[in-house]
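Numbering (my numbering), first residue to last: 6 to 331. Positions of the beta carbon are idealized from the N, C-alpha and C atoms, including for glycine. Because the structure is a prediction, the values reported are computed rather than measured. Encoded as structure tokens, the structure appears first; notes follow it.
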Ligand SMILES: [Zn+2]
Ligand SMILES: [Zn+2]
């Protein structure tokens, strides 16, 4: 049984915490969503709109609408949504997977543009602890966490940050992981940044990296931003949260673009063992990584696709790759 409580911190940040006295098993009471569609709004490849180094996706599940990440450049997601005929003003919840600017760059522009029409638009921003921690280059001089500067203006717009220290079912069958344990040394982070701690500068492993887990009748769907916690670490944590279900779909950036052949083979083998049915690999997944996983996890071209702006995954129909990536 999970007990949750809210702790109100300074300046509008709400921290969700509570006791996990047992293994994460309450998900096995199993809420499952009936309808699910995930539409990519920022990634490199674009059939429609703008491509960029970044990631964002709209999740629509049983009537709940959630924006996962906000792209890199301030206007990209706003423009791409308009071009795709997607109205984001009825999206109350936003998730920031981690602090990197290619995932938080659209945050303020989106909130300001949409709140003029609908004050509740993107007014709840879900994050994990560490997203506002100070980062530095090795020389220790310059602040390199762009998300710190977004906090005050976003709160001034009336939005609140909700910080998740542990898995949280934000809607029936829809979970945020909070920080992901990392038993496998996947080390899927690349930028040589340092985290500022009381012990000095340490390697920044992006500890706040958080995924969205959506439970369905066919297994669970995982949405990741940049995959810094590791693809397999994340899906194994998903299995702890919702039970040992198959991984029905994996969507987002897996940070495998520079992975070695052996790392790709290991990852693909684990995904095959987890009975992965669909991969919509965008952003930092890497083209070769998508094709290797397609081959090694025996998915075929309809089930493992490079994500493009406007491409989507529907739990009942599979992937719509649009034109170029089909
Ligand atoms: Zn990142
Ligand atoms: Zn990224």
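query, result
"Extent of the continuous alpha helix (DSSP H) run through residue 3", "Because the chain is modelled from 6 through 331, residue 3 falls outside the range shown and cannot be assessed."
"First and last residue of the uninterrupted alpha helix (DSSP H) at residue 108", "106–109"
"Buried or exposed (CB count within 10 angstroms, at least 16 for buried), residue 161", "exposed"
"Neighbourhood of residue 81 by C-beta distance below 7 Å, restricted to the same chain and skipping five residues each side", "47, 55, 57, 59 and 111"
"When 43, 140 and 39 are compared against residue 154, the one with the closest alpha-carbon", "140"
"Alpha-carbon spacing of residue 232 relative to residue 123, whole angstroms", "32 Å"
"Residue 100, enclosing beta strand (DSSP E) - first and last residue", "98–100"
"Any 3 or more C-beta pairs closer than 8 Å across the segment 277–287 and the segment 296–307", "yes"
"Endpoints, the alpha helix (DSSP H) within which residue 240 is located", "236–247"
"Residue 317 classed as buried or exposed, judged by whether at least 16 other C-beta atoms fall within 10 angstroms", "buried"
"Residues bridged to residue 260 [DSSP beta-bridge criterion]", "Looking at the DSSP assignment, residue 260 forms no beta bridge with any residue, so it has no partner."
"Beta-carbon proximity of residue 99 to residue 131, cut-off 8 Å", "yes"
"Heavy atom of ligand 1 within 7 Å of residue 211 beta-carbon", "yes"
"Residues with C-beta closer than 6 Å to any heavy atom of ligand 1, in chain order", "103, 105, 231 and 233"
"Alpha-carbon to alpha-carbon, residue 104 and residue 152", "6 Å"
"C-beta contact flag for residue 330 and residue 314 at 8 Å", "no"
"Outcome for residue 272 when other beta-carbon atoms lying within 10 angstroms are tallied against a minimum of 16", "buried"
"Where the alpha helix (DSSP H) containing residue 41 begins and where it ends", "Unbroken run through residue 41 is the beta strand (DSSP E), 41–47; no alpha helix (DSSP H)."
"Residue 297 to residue 236 span [Cα, whole Å]", "15 Å"
"Identity of the residue in 275, 269 and 320 nearest residue 295 by Cα", "269"
"Length of the line joining the Cα atoms of residue 109 and residue 280", "32 Å"
"Any non-hydrogen atom of ligand 2 within 7 Å of residue 107 CB", "yes"
"Residue ranges of each beta strand (DSSP E) within the segment 116–175, 3 or longer", "129–132 and 165–169"
"Residue 91 - containing beta strand (DSSP E), residue span", "No beta strand (DSSP E) holds residue 91; DSSP gives it neither H nor E."
"Own chain partners of residue 243 with C-beta closer than 6 Å, once the 5 adjacent residues on each side are dropped", "218, 225 and 227"
"Rounded separation between residue 66 and residue 146 - CA only", "44 Å"
"Cβ-Cβ distance between residue 94 and residue 119 below 8 Å", "yes"
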